[in-house]
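Contents: one structure, followed by commentary.
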Amino acid sequence: MIIIDSKLCKGCDICIATCPKNVYSKSDKVNTKNVYLPFPEHEEGCTKCGLCELSCPDQAIYVEKEVE
Amino acid sequence: MIIIDSKLCKGCDICIATCPKNVYSKSDKVNTKNVYLPFPEHEEGCTKCGLCELSCPDQAIYVEKEVE
Amino acid sequence: MVEERFVQGNEACALGAIAANCRFFAGYPITPSTEIAEQMSILLPKYGGSFVQMEDEIASAGAIIGASWSGMKAMTATSGPGISLMQENIGYGFITETPIVIINVQRGSPSTGQPTMSAQADMMQVRWGSHGDYEPIALAPSSVQEFFDFTIKAFNLAEEYRVPVTVLADEVVGHMREKLIIPDDIEIVTRKRPEKVDGQYLPFDAPCDGTTPMPAFGDGFNIHVTGLTHDERGYPDTNDPDTHTKLVERLCNKVLMHRKDICSVKKENCDDADIVIVSCGSPYRSVGAAMKKAREEGIKVGSLKIDTPWPFPEEEIAEIAKTASDIIVPEMNLGQIVHEVERAAHGEANVHLIGKIGGILHKPDEIYDKIKEING
Amino acid sequence: MVEERFVQGNEACALGAIAANCRFFAGYPITPSTEIAEQMSILLPKYGGSFVQMEDEIASAGAIIGASWSGMKAMTATSGPGISLMQENIGYGFITETPIVIINVQRGSPSTGQPTMSAQADMMQVRWGSHGDYEPIALAPSSVQEFFDFTIKAFNLAEEYRVPVTVLADEVVGHMREKLIIPDDIEIVTRKRPEKVDGQYLPFDAPCDGTTPMPAFGDGFNIHVTGLTHDERGYPDTNDPDTHTKLVERLCNKVLMHRKDICSVKKENCDDADIVIVSCGSPYRSVGAAMKKAREEGIKVGSLKIDTPWPFPEEEIAEIAKTASDIIVPEMNLGQIVHEVERAAHGEANVHLIGKIGGILHKPDEIYDKIKEING
Amino acid sequence: MRTEVRIAGFGGQGVIMAGVIIGKAASLFDNKNAVQTQSYGPEARGGASRTEVVIDDDEIDYPKVTSPDILVAMSHEALIKYMGDLKDEGVLIIDPDMIVEEEIVDFVNEHKIKLYRAPATKTATEDVGLRIVANIVMIGAIVKVTEVVSVDAAKQAILDSVPKGTEDKNIQAFEAGYALL
Amino acid sequence: MRTEVRIAGFGGQGVIMAGVIIGKAASLFDNKNAVQTQSYGPEARGGASRTEVVIDDDEIDYPKVTSPDILVAMSHEALIKYMGDLKDEGVLIIDPDMIVEEEIVDFVNEHKIKLYRAPATKTATEDVGLRIVANIVMIGAIVKVTEVVSVDAAKQAILDSVPKGTEDKNIQAFEAGYALL
Amino acid sequence: MVEKESPYKKYLREERLPHIFCPGCGNGTVMSTFFKGLEGTDIDFENVAMVSGIGCSSRIPGYAKCDSLHTTHGRALSFATGLKVGNPDLDVVVFTGDGDAASIGGNHLIHAARRNINLTVICINNNIYGMTGGQISPTSPKGSFGTTAPYGSRDMPFNLAELVSAAGASYVARWTTTHPLQLSKAIQKGLENDGFSFIEVVSQCPTYFGRKNKMKTPLQMFEWIKENSINKRRAEKMDEAELEGKIIVGEFANNPHAELTDNIKKLAEENSDKPLAIKSAFEELD
Amino acid sequence: MVEKESPYKKYLREERLPHIFCPGCGNGTVMSTFFKGLEGTDIDFENVAMVSGIGCSSRIPGYAKCDSLHTTHGRALSFATGLKVGNPDLDVVVFTGDGDAASIGGNHLIHAARRNINLTVICINNNIYGMTGGQISPTSPKGSFGTTAPYGSRDMPFNLAELVSAAGASYVARWTTTHPLQLSKAIQKGLENDGFSFIEVVSQCPTYFGRKNKMKTPLQMFEWIKENSINKRRAEKMDEAELEGKIIVGEFANNPHAELTDNIKKLAEENSDKPLAIKSAFEELD
Ligand SMILES: Cc1ncc(C[n+]2csc(CCOP(=O)(O)OP(=O)(O)O)c2C)c(N)n1
Ligand SMILES: Cc1ncc(C[n+]2csc(CCOP(=O)(O)OP(=O)(O)O)c2C)c(N)n1
Ligand code: SF4
Ligand code: SF4
Ligand code: SF4
Ligand code: SF4
Ligand code: SF4
Ligand code: SF4
Ligand SMILES: [Mg+2]
Ligand SMILES: [Mg+2]
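Going line by line, the protein sequences match chains A, B, C, D, E, F, G and H. With the numbering used here, the residue at position 14 of the first sequence is -1, and numbering never jumps. With the numbering used here, the residue at position 45 of the second sequence is 30, and numbering never jumps. So the number in the numbering used here is just where the residue sits in the third sequence, counting from 1, plus 246. So the number in the numbering used here is just where the residue sits in the fourth sequence, counting from 1, plus 246. So the number in the numbering used here is just where the residue sits in the fifth sequence, counting from 1, plus 58. So the number in the numbering used here is just where the residue sits in the sixth sequence, counting from 1, plus 58. So the number in the numbering used here is just where the residue sits in the seventh sequence, counting from 1, plus 1168. So the number in the numbering used here is just where the residue sits in the eighth sequence, counting from 1, plus 1168.
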């Protein structure tokens, strides 16, 4: 599961650019700061590599990982 | 001709060490600052290379050069 | 041709510098002064001048002093933290009698404080910030027009007396936009160059209250400039008490003994006033309305605006203290100029501070309320 | 065991620091303070402490503040040019309430001036040198013993009020050798550590005139320390006028409202005195002889020695001004402390400066002559 | 007479530029006096943006706005933040597409605010074809409603302020705004 | 009673050390008060060197020497430079091998100076066999002539001040000096 | 159950979020990479002390839930030196920017490197002064624009990684925000190095550098950085002309040697027969 | 008839001689080598402006019969930058010491090098603070003694020539007072280089460095320097252990590139259609 914290996201689109699996797209959902949020359109392709989590400048992404 | 300005010389002996021809020796002549001056004991060996002039920290040495 | 523009105070300052023939600027960005550097970086190349962004404020102060000795009118602009860093080199400017102009757009402080808010908490720093005895000249504008005018005046005074001059603006004046009128007949003081008399010119010799002409490096005078205590030739002479006393007293006297020529105040309604509001810089903007309101109620209120906090207009304040019963000093700090007012008043009037910090200009009513409180 | 030594003032200062449990020194050499650094470099390793020679004075001031937050008592020593450079970081020390001790062994100035000669021309700089409003504490020793005692006191006051404290010595006191008595029961103030109450401790919260306990980094409080205007938690809050006002007023009040506890003066023969000599630091050494000579001639002369120029002992001076007709202020500058004396005297006594620069201490007769002149 | 104007929105809407143009119009082309100020600091970056203009026939002493006669809001956040000190019976101009009107109804009624709706963003995007001139459209609306500056002065100030080559678009935007109300 | 002592010579002669030892002797071992000061600055480097000691039974206010009661000169240059303010009838101790006496005859006569000759350098070199203890030899001479400090105190101060291992040589030097006059 | 928030959020002072950085600013990414790098070491986060100067990048410590000292512009390393020497047990990390570290702070930088003091310095190089609104910095590329370089910068920029290596640092690396994994790894190495570690991170300031240099969106900047990065090993085979405008990434120094606080500790132990004194302010004397 | 005085004396302010330097101090030798180097160029001595900071070495300009600016400690290069940019026609030479240039002044040094401003800097590195009485400096060799290193210095010293090269200087050389001919030649090259030139001169301070490090006479120091000098080309073939404590002499950089005042001049000319403004303070406006 991928969750984007809409209170933190500033809509920079870096997650979109970073994901090697092109999981993210830009939504037309707007938050209170007039920001258009991304959403994991192709979540099925996600390898849970964590790159988006690491790259998001606003600590707004959560990628659920397998529990070992 | 080599002249040492006794008002300027501070008796550091660098001329003695620098001269490749060992021209200088330390004299027992003392100036007003209690400095034992060097003197060109072996002036005849001088090649007028100018090293002593250049090295003397106190601009106290004059080496007469040939006039071209 | 007279030109009218609607500009920020900081831009007016840059335009003033250009008008004064300043052709060298060295600086380091800092809020809320940065627009001055930015404007200079745009303007100077257009006027054939040089702009250098230095690695810090210490280097900036050094560079303008170096540039001044190259024969340039030179300026830097900064805010509190930068001024603190410049203190050593500013002292060097005083002892070497180097004309330079320093702009301080004051912000909330101490330390990094409130970078984007206004304050007047460096009023005393400009007087006492560097080690040792010296007498600074400082001008405090209260409008965009004054920021332009006082920058030119700063260059003129710097050249006239061979001293560093500071313009003590603040964030309010630096950032607001107003109409600026650029006249076509600006009076500019040109640096006095010594006559070339071989070996006769003494670069640091002058009557006890005087200023010597100043050559540029390369003019052939072979002068030595040092921050050590020096004699008339500029040669270090650090262990002779007389050399030091003569030098430092002259440096101070050339400002103090011309206090009358340098000081500028603006008096309104002072003649019959029981209460006089003494203000300097931005807070002056709130005096008019308060005074008007009080006068309308029959309270005899006057205003004395200090254009030149340093040298401090002691006599003008002493005079006011003799006629008025109370003096109100609104400042955007916890009490600085008020110290000088108290000292100059010599116990002859009650001095009341309205110290306000936090970044917001006094509202006219804050002054009016104080008037009412005093009036009983 | 009480120990007696015959040492230079600068060495006494280093010994005082060690006695106060200072175990960190960062500094940069400068005449006439260098012996303090040199002594600390010898002593500290013997006491398990750390000595770092920094690249400059700015770094030295930064390092002692950093060391203070690591939990150390930390000190630096310098002279005018170094103090000028430290101004920005000193302001940071005030706004972050960091206990540090700074020694200024004053020399002839402004600028590089007279490196090996004495002066007291940084008395006002310590008050106003950094940008912004703050209230410093400073102590001025007049003997080798006082240099030792006041250094210890400086550490104590620094810890008590969480502020930078300056010892304003001068070349005379720094370089002369006298007997130093090191008692065996020195009173030392220990830093107050907060109780460990999870999440409850606010590092910058205190009553309006108060000081909060201070943890060391690594103690587990996870505190944020900033030079920006901050709230009780230490978090930046730079645009709210109230946060700034509350913070800066508290910082000033914690010194001002404890003025009585901090200020120390020494009065001699003041009760019946017509003329009082107000001195501070080295010039006090010339007061005794002058006073004695005058008293012998029946002139009623008293002495008030100021140990703590800052906070300025306003009340003590105001009191003197009420009983004495004249106040004489001998200073090794062109007039600094005399400004405060004038202000505090409020016009109730005539204030006379004996300003002396050039590096030589006033001779007793210079003070005596002034007494005679006043006595008419 | 002293008139205090405040324009607020979010970064990127050209709010400050609008304030400068109005100030310039009054001061250089209407021969009145004007002072323009604006918000600085962290909150000015990305988030809310604000400018204020004081206009007076007489000299302006106190340069800051204390309680605006006119408030122009181009974003909801800004409106809520800066609405508080609008004068009773003052003028409020909003871009209705950026604002949740129901949240201000009470305020408007209570303080007898004169509310005007100028869909500047929409007009800029749809009519002028250039979203970034929304601020100029808004100037048109302001001038129409409040007459703080004359139409001529406003146009001159616009021409004096916008990049070369964009003059026509901007005048068009102004006029579209002027026609809105 | 206040006694002012000045010792002058050139750098390397240990002049300052001599002053410190006398100050220490008075202050720590004779239980009097003493203040020692010295010259700093460019002229102290290489050139002339000078130290001054004020000794008093009472507390010492003014710490500087204004007109010395005792002047000790170990070089001619220093003597000429610092002789001027020696008190009338004061004590002058010179190292005769370092001084051109005829240049001071007039001064000595005019001011009724009590002149003593202590060949400290020669004594140190020839009798003690260590040129660098000339300053300690001179202390011996000073103590003998002036009694500013007691012999015991002087010896204790010397032992307290010199490097370990050199104590005997230094005491020998002191005694040689003491025997000179 | 796993918490449903970014794994890096737990290190942050939640009450202060979102942080003040502009949308797409690289500073936030560097924070996360730091926490990831830290997780790779056995350093206790509770023992970390962060120090910074002034600038956007220097605001990072204010968001981390550990002791942090936000100092004066350019002076972070001086304060950090006092903090670390005062208590060598602390893990001291310095966050700084190109302006803070290399313009006003350049001297402290080379001296800290020379002393090889055990600090980990993370220098976020966005080639501009972000905090003050986009003036050029000592790393601004030739020809780039800033508000104080309206005609384009003509000065040569510093090669920071090379400069710090020449000054004596024992670990030096350069990566970019587009290399988050390599960057965390380098930070981890820096933390583990017992000496002065300098990690330069080339980062994006879309608001000022981007806006002034025709890269209006964060993504444009991000792509620009990515495209211009060249690995050091590859770069060594290229000539100067080919390297013009490129960002060389990789390790520049890895050369452990004597460390400052070790030297001081030993000196104290040798001369006092006691361990180095720490926290002397709290010590009751008797 | 030839004057019967040192050929270098004519450049000096005779009324100030002898200078304050201690017997055997290297500063005096550097003065003469400078004049000799100058004679090799076609620079007019009248057009030379000297700038210095504070220190024994920084006193040199006060003895030269040309315009000279003796500034604040460490800041000589800032003042020199203003002087040179203010009037690029001047030949500006900076005299400085290891403390002045590399301790307090380190930042100005690397920035001046980065800008490649056309200054010739002669840095007299005596490995100590002479003026203040013998404290260690950032170039003091490991293990050497100073009044602030009573137990021997444990810090690593700067390699100044390398550092300044890494910062961007276009001409860098190191020689010693025992190489007066090579030194004058390097100074000549530095003067002729149109960019930032840095000449490091390892020199003797017999009074403090010597005294503290068992070399009591100037000659002992002189011989020590001579014996420990190794030419760069030879040094390149030696390993670190062999080079420990050695002074590597030779040229470290010779790489001309765009110069600051040229850039500024061009910018002004391009934007104003006039030559660069100089001496604006004397210009009467109309
Ligand atoms: C002494 C001083 N000078 C100038 C400033 C203004 N100032 C604040 S941040 C900054 C530049 C920061 O640049 P950088 O370190 O690159 O940080 P960034 O904002 O780009 O992350 C400047 C010049 C200051 N705060 N203090
Ligand atoms: C701001 C400041 N700090 C310290 C000093 C004291 N000081 C004068 S010269 C000097 C060191 C000079 O060393 P260096 O540059 O190597 O010159 P040297 O005397 O060895 O030739 C110092 C620390 C000063 N004058 N100003
Ligand atoms: S990277 Fe983070 S802040 Fe940026 S758009 Fe994606 S979720 Fe939002
Ligand atoms: S975890 Fe990896 S694959 Fe999954 S969305 Fe993030 S970047 Fe893409
Ligand atoms: S080198 Fe010069 S100063 Fe030294 S001894 Fe020879 S002549 Fe005298
Ligand atoms: S000129 Fe040369 S050979 Fe002659 S004395 Fe001097 S150094 Fe010796
Ligand atoms: S201004 Fe630039 S560096 Fe600062 S937060 Fe915004 S994007 Fe980041
Ligand atoms: S102290 Fe050292 S550097 Fe200074 S003049 Fe003497 S020998 Fe030269
Ligand atoms: Mg940056
Ligand atoms: Mg040196």
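Virtual Cβ for every residue (Gly too), placed ideally from N, Cα, C.
Excluding the 5 residues flanking residue i on each side, which residues of the same chain have their C-beta closer than 6 angstroms to its C-beta?
i, result
"Gln96 of chain F", "Ile74, Thr109"
With a threshold of 9 angstroms between beta carbons, is residue i in contact with chain G?
i, result
"Gly378 of chain D", "no"
"Thr32 of chain A", "no"
Residue i CB to nearest chain C CB: under 9 angstroms?
i, result
"Thr1316 of chain G", "yes"
In chain order, what residues of the same chain have a beta carbon less than 7 angstroms from the beta carbon of residue i, not counting five sequence neighbours either side?
i, result
"Lys1252 of chain G", "Leu1258, Val1260, Ile1285, Asn1286, Leu1287, Thr1429"
"Val584 of chain D", "Val575, Glu577, Val597, Leu599"
Would residue i pass as an interface residue toward chain F - the criterion being a Cβ-Cβ separation below 9 angstroms?
i, result
"Lys50 of chain B", "no"
"Glu53 of chain B", "Note that Glu53 of chain B has pLDDT 49, beneath the 50 cutoff, so the model's placement of it is unreliable and the number below is only indicative. No, no contact with chain F."
Please find out if some non-hydrogen atom of ligand 6 comes closer than 8 angstroms to the beta-carbon of residue i.
i, result
"Pro25 of chain B", "yes"
Less than 8 angstroms separating the Cβ of residue i from some heavy atom of ligand 10?
i, result
"Cys1193 of chain H", "no"
Regarding residue i and ligand 2, is the C-beta to nearest heavy atom distance less than 8 angstroms?
i, result
"Gly328 of chain D", "yes"
Measuring from the CB of residue i, is there a heavy atom of ligand 1 at a distance below 8 angstroms?
i, result
"His1241 of chain G", "yes"
For chain A, is any of its Cβ atoms less than 9 angstroms away from the one on residue i?
i, result
"Gly105 of chain E", "yes"
"Ser97 of chain E", "no"
Given 8 angstroms as the limit, tell me if residue i has its C-beta closer than that to any heavy atom belonging to ligand 4.
i, result
"Lys6 of chain A", "yes"
Answer yes or no: does any C-beta atom of chain H fall closer than 9 angstroms to that of residue i?
i, result
"Ile428 of chain C", "no"
Quick one: is residue i near chain E, going by C-beta distance under 9 angstroms?
i, result
"Glu417 of chain C", "yes"
Please return the same chain residues whose Cβ sits closer than 8 angstroms to the Cβ of residue i, not counting the five positions on each side in sequence.
i, result
"Lys18 of chain A", "Lys(-5)"
"Pro440 of chain D", "Tyr447, Pro449, Thr458, Pro459, Met460, Pro461, Phe467"
Could you tell me if the beta carbon of residue i falls within a distance shorter than 8 angstroms of some heavy atom in ligand 7?
i, result
"Ser1225 of chain G", "yes"
"Thr1264 of chain G", "no"
Check whether the Cβ of residue i lies closer than 9 angstroms to any Cβ atom in chain D.
i, result
"Val1170 of chain H", "Summary for Val1170 of chain H: the model assigns pLDDT 44, below 50, so the residue's position carries little reliability, and this model does not support an answer."
Would you verify that the beta carbon of residue i is, or is not, closer than 9 angstroms to some beta carbon of chain B?
i, result
"Phe165 of chain F", "no"
For ligand 8, any of its heavy atoms closer than 8 angstroms to the Cβ of residue i?
i, result
"Met1299 of chain H", "yes"
In chain order, each alpha helix (DSSP H) run of at least 4 residues that lies wholly inside the stretch 378 to 458 of chain C
As far as the stretch 378 to 458 of chain C is concerned, its whole alpha helix (DSSP H) runs of at least 4 residues are 390 to 407, 417 to 421.
Which runs of the beta strand (DSSP E) spanning at least 3 residues fall entirely within the stretch 1345 to 1391 of chain G, listed in chain order?
Taking only runs of at least 3 residues, the beta strand (DSSP E) segments lying wholly in the stretch 1345 to 1391 of chain G are 1365 to 1370.
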